[in-house]
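Protein chains in written order, with this note's numbering: chain A, 370 to 527; chain B, 370 to 527.
Even glycine gets a Cβ: it sits at the ideal position worked out from N, Cα and C.
Remember, predicted model here, so these are calculated numbers, not experimental data.
A quick write-up on the structure given underneath.
2 protein chains.
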Amino acid sequence: MTDHVPKIVSSRHAPVPLAECALARAIRSIGDGWTLLILREALCGVERFDAMHDDLGIPRSVLAERLSKLVAEGILEQRPYREPGRRQRNGYVLTEKGRALTPALVALREWSEAHLPGGPSRLRLQTPDGQEVVTRLIRVDGSVLADPSEIVAIAKPG
Amino acid sequence: MTDHVPKIVSSRHAPVPLAECALARAIRSIGDGWTLLILREALCGVERFDAMHDDLGIPRSVLAERLSKLVAEGILEQRPYREPGRRQRNGYVLTEKGRALTPALVALREWSEAHLPGGPSRLRLQTPDGQEVVTRLIRVDGSVLADPSEIVAIAKPG
DNA sequence: CTATCTGAGTCCATTTTTCATACCCAAACT
DNA sequence: AGTTTGGGTATGAAAAATGGACTCAGATAG
């Protein structure tokens, strides 16, 4: 104690362990390739099992398992519907919790457009009046952050 | 051709196929649980193989494979360093392309704080002067979007 | 009333990843 | 010369993904 512990040189390790990190929890919850692609489908308004199966080429068993996990987590909910002359079925739609993932997906899309090869995306995310939607990083005082390299990660004492 | 094809009833399917979707490409590139957790480490300033291994509990072979993929994609780069009296090694740091993922990760963190159980996160992402950073969805005209449910996905004609 | 069609899944055998542990290597220090 | 240490490979066992066949229930046709 009277020792002057030389002090940790730099942050060799993350400032916060996984168990206390909200970002890590989000990744655990939805950070899986198929799950993210399913959320893209949901954001695009696709509700049906077979439509997702067709769009994604995902194995049916994997799709069923992921959908029920997303329902269990409250990100999707089953919405029964019936087409005229067809029997009742249920589709999957985003809950409010699920919709709240939109900023993250929009940010990913922007990153891809700016930094990945493959040409411009044909997918547009916009308001009903046709204005495209983008994300911005801002400080709590409302000012826009120009450069993400200004960001540092620290641990809140706890 | 003279047939009046009845017209597709609604968007059962996504407006854009995966191959032409920037969001899908991003998911292919980094949408994997371990990869996202590695990016979290990088964002936290963790550079070294062993530090990441300790923090994440990831198998060494998986970590090695993911790191080299991220380097190949230009998201991380190897930065050789040498501590006094130690041999030269290389760490991994975000490139500019990698840093550009920050908004997506911040958005995920916000979602987690707002909607997942687990208590407040101890991880803070802030500017050097201590202001916390958050994301906002905005229209191209600059106005802030209050509710993500206003968003619709459509295909750009192509 | 029986047959058939369809959307929405489940089941199952095979292949692919992941996992955990052990092992390896090169530099630096003893 | 021998030991330590960060940074990886190699390897067999366990888990997950894959793709195809199978199931089920209700609507409609015959």
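From residue i to residue j, what distance separates their C-alpha atoms?
| i | j | result |
| --- | --- | --- |
| G499(A) | L514(B) | 13 Å |
| Q495(B) | R455(A) | 54 Å |
| A395(B) | C413(A) | 16 Å |
| Q447(A) | R417(B) | 44 Å |
| P386(A) | L439(B) | 23 Å |
| R491(A) | I407(A) | 18 Å |
| E389(A) | G426(B) | 15 Å |
| A420(A) | I520(B) | 21 Å |
| H484(B) | I399(B) | 23 Å |
| I516(A) | R508(A) | Checking the sequence shown, residue 516(A) turns out to be Asp, not Ile. Roughly 12 Å separates the two Cα atoms. |
| V374(B) | G460(B) | Its pLDDT being 33, under 50, V374(B) is placed unreliably by the model, and nothing is read from it. |
| P497(B) | L470(B) | 19 Å |
| L392(B) | A441(A) | 25 Å |
| H422(A) | R397(A) | 23 Å |
| P489(B) | G527(B) | 45 Å |
| D401(A) | P449(A) | 27 Å |
| H382(B) | D424(B) | 41 Å |
| Q457(B) | L506(A) | 36 Å |
| S512(A) | P453(B) | 41 Å |
| R409(B) | G443(A) | 25 Å |
| L405(A) | L405(B) | 12 Å |
Quick one: what's residue i bridged to in DSSP?
| i | result |
| --- | --- |
| V462(A) | E446(A) |
| R456(A) | In DSSP, R456(A) forms no bridge with anything. |
| T504(A) | L506(B) |
| R451(B) | Q457(B) |
| A522(A) | L494(B) |
| V513(A) | I507(A) |
Return the chain-ordered list of same chain residues with a C-beta closer than 6 Å to the C-beta of residue i, the five sequence neighbours on each side being excluded.
| i | result |
| --- | --- |
| T504(A) | P472, V475 and A476 |
| T371(A) | Any reading at T371(A) must be qualified, since the residue scores a pLDDT of 34, below 50, and its modelled position is unreliable; the value itself is stated next. None. |
Buried or exposed for residue i, please, with buried defined as at least 16 other CB atoms from any protein chain shown within 10 angstroms of its CB.
| i | result |
| --- | --- |
| R429(A) | exposed |
| V415(B) | buried |
| R451(B) | exposed |
| S518(A) | exposed |
| D510(A) | exposed |
| G467(A) | buried |
| E434(A) | exposed |
| A528(B) | In this structure chain B extends from 370 to 527, so residue 528(B) is not present and cannot be described. |
Taking 8 Å as the limit between beta carbons, can you name the residues of its chain near residue i, skipping five residues before and five after?
| i | result |
| --- | --- |
| G487(A) | S481 |
| P384(A) | A522, I523 and A524 |
| R478(A) | S490, L492 and L494 |
Using a Cβ-Cβ cut-off of 7 Å (strictly less than) and excluding sequence neighbours within five positions of residue i, which residues of its own chain qualify?
| i | result |
| --- | --- |
| V431(A) | W403 |
| L445(A) | A411, L436, L439, Y461, V462, L463, T464 and G467 |
| V502(A) | V475, L494, Q495 and T496 |
* To do: Check each residue of the segment 473-501 of chain B: if its Cβ is closer than 7 Å to any Cβ of chain A, include it; give the result in chain order.
  => Against chain A - using a Cβ distance shorter than 7 Å - the residues of the segment 473-501 of chain B are A473, L474, V475, A476, L477, R478, W480, S481, E482, A483, H484, L485, G487, S490, R491, L492, R493, L494, Q495, T496, P497, Q500 and E501.
* To do: Determine which residues of the segment 438-462 of chain B have a Cβ less than 9 Å from any Cβ of chain A, and write them out in chain order.
  => Listed in sequence order: E442, G443, I444 and E452.
* **Against chain B: residues of the segment 511-526 of chain A by CB proximity under 7 Å** => Per Cβ criterion, the list reads L514, P517, S518, E519, I520, V521, A522, I523, A524 and K525.
* Asked: Along the segment 423-438 of chain B, what residues have a CB closer than 9 Å to any CB found in chain A?
  -> Shown in chain order are the members of the segment 423-438 of chain B whose Cβ falls below 9 Å from a Cβ of chain A: D423, D424, L425 and G426.
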